[in-house]
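With mature numbering (1 follows the signal peptide of the UniProt record, and there is no 0) as the guide, the letters of the sequence shown map in order to residues -23 to -1, 1 to 247. Virtual Cβ for every residue (Gly too), placed ideally from N, Cα, C. To keep things clear, I will list the structure first and then write my remarks on it.
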Amino acid sequence: MAVLGWTLGVLFVICAVTLTAETRPVPGRSPPRLLFSVNPNNSDLIQGDIMVRASSPLPRFAVYTVVKDQSKVWPDAKVYYTISPEFDEELDQPLIKEAMALVEEKTCVKFVERKNEPDYVNIEHRDGRCASHVGREGGEQTLALDFFYCPGKGQIAHELLHALGFFHEHCRPDRDEYIDILWNNIQDRGDQNFQLQSETTAETYGEPYDYESVMHYPFNTYSKEKDLPTLLPKDSAISKESLGKAYLEDYLTETDITKINKLYNCPQKT
């Protein structure tokens, strides 16, 4: 399987966060949180939603676009999973499977219910947390969801792409060529989540910066106020509302799909 290089942006995280976004409510659930907000209780996470094992080969303070290590890629593009019975069979579980379908529709990736496979994703409820490991860890690995914080298919798909091996689009080392960070608008202890080293190299599959990506956070990420931007496109022709649009509106962009297909060496799907 041809898998391209690690990208080497470095992010120093002192206090990780829980990510909460303004989204449309899901029927049968309480309205979601309105702001991305700092949560000191999730200090074991990188960038608010990335889990790292102590034994993981992933550097604790590294940020990449896509994993290179072939052991992190799911063999035959099959991700085995279990869903905790904590999730409602009529409301929650179908939503999780609809998010999986977003990925499967135009890629060769398949999410397969686990029988006795040794490596799998255990999707479970964790209060105040929507988070995943990046790529295949080996053995059981957790993908945590709390539908009060991530009630939509786009947010669930975001975590599924982490499990496939993807990091955040807005942490590409060339990020500063495309968006401005408004440091004064960021919550206390949230600024560490935007800092990249100046000298980095990145393998981006030759794809342009994807403002709308399901892996890009919206314009008010970690903002002090709901409508106060912390990320703005440098190109005035691109609206701030386009940032992370797929994340909020439940779809994958063409670039998201292309990157998945390249990582997993998928044939072209029509």
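Pairing Y194 with Y186, the inter-Cα distance amounts to about 13 Å. Taking C-beta atoms as the reference points, Y57 and V89 count as a pair closer than 7 Å. Within the same chain, Cβ atoms closer than 7 Å to the Cβ of C107 are found at L(-5), D26, A121, L122, D123, Y126, C127, Q132 and E136, the five residues on either side in sequence being excluded. DSSP, reduced to helix, strand and coil, places K239 within a helical segment of the structure shown. With respect to Y199, Q164 sits close: the two C-beta atoms are nearer than 7 Å. With fewer than 16 neighbouring CB atoms inside 10 Å of its own CB, A78 falls in the exposed class.
Counting along the chain, no beta strand (DSSP E) covers A223; the unbroken alpha helix (DSSP H) around it starts and ends at K222 to E226. A residue is called buried once 16 or more other Cβ atoms fall within 10 Å of its Cβ, and P150 is buried on that count.
Across the structure, Y182 and F144 are spaced so that their CA atoms are roughly 14 Å apart. Residue state for A214 is assigned as coil, using DSSP reduced to three classes.
Under the three-state reduction of DSSP, N161 is assigned to helix. In this structure, D157 sits near L209, with a CB-CB distance shorter than 7 Å.
R113 and L138 have their C-alpha atoms spaced approximately 11 Å apart. Per DSSP, Q169 lies in no alpha helix (DSSP H) segment and is marked neither H nor E. Contact check for T59 and Y241: beta-carbon distance about 21 Å, past the 8 Å limit, so the pair fails to qualify. Between D227 and K130, the beta carbon gap of about 4 Å places them in contact (Cβ cut-off 8 Å). It is roughly 12 Å from the alpha-carbon of F64 to the alpha-carbon of K74. In this structure E189 does not touch A134 by the C-beta definition: roughly 13 Å separates them, more than the 8 Å allowed. When DSSP states are grouped into helix, strand and coil, H193 belongs to the coil group.
The C-alpha of A76 is placed about 17 Å away from the C-alpha of T235.
Pairing W51 with P95, the inter-Cα distance amounts to about 12 Å. In the DSSP assignment, K74 falls outside any beta strand (DSSP E) and within the unbroken alpha helix (DSSP H) covering D69 to E82. With respect to the C-alpha of F196, the residue from E218, S213 and K211 having the closest C-alpha is E218.
Q132 sits in a helix when the DSSP states are folded into three classes.
Between Y97 and R91, the gap from beta carbon to beta carbon is short of 7 Å. The bridge partners DSSP lists for Y97 are E117. According to the DSSP assignment, E90 belongs to the beta strand (DSSP E) that extends over K87 to E90.
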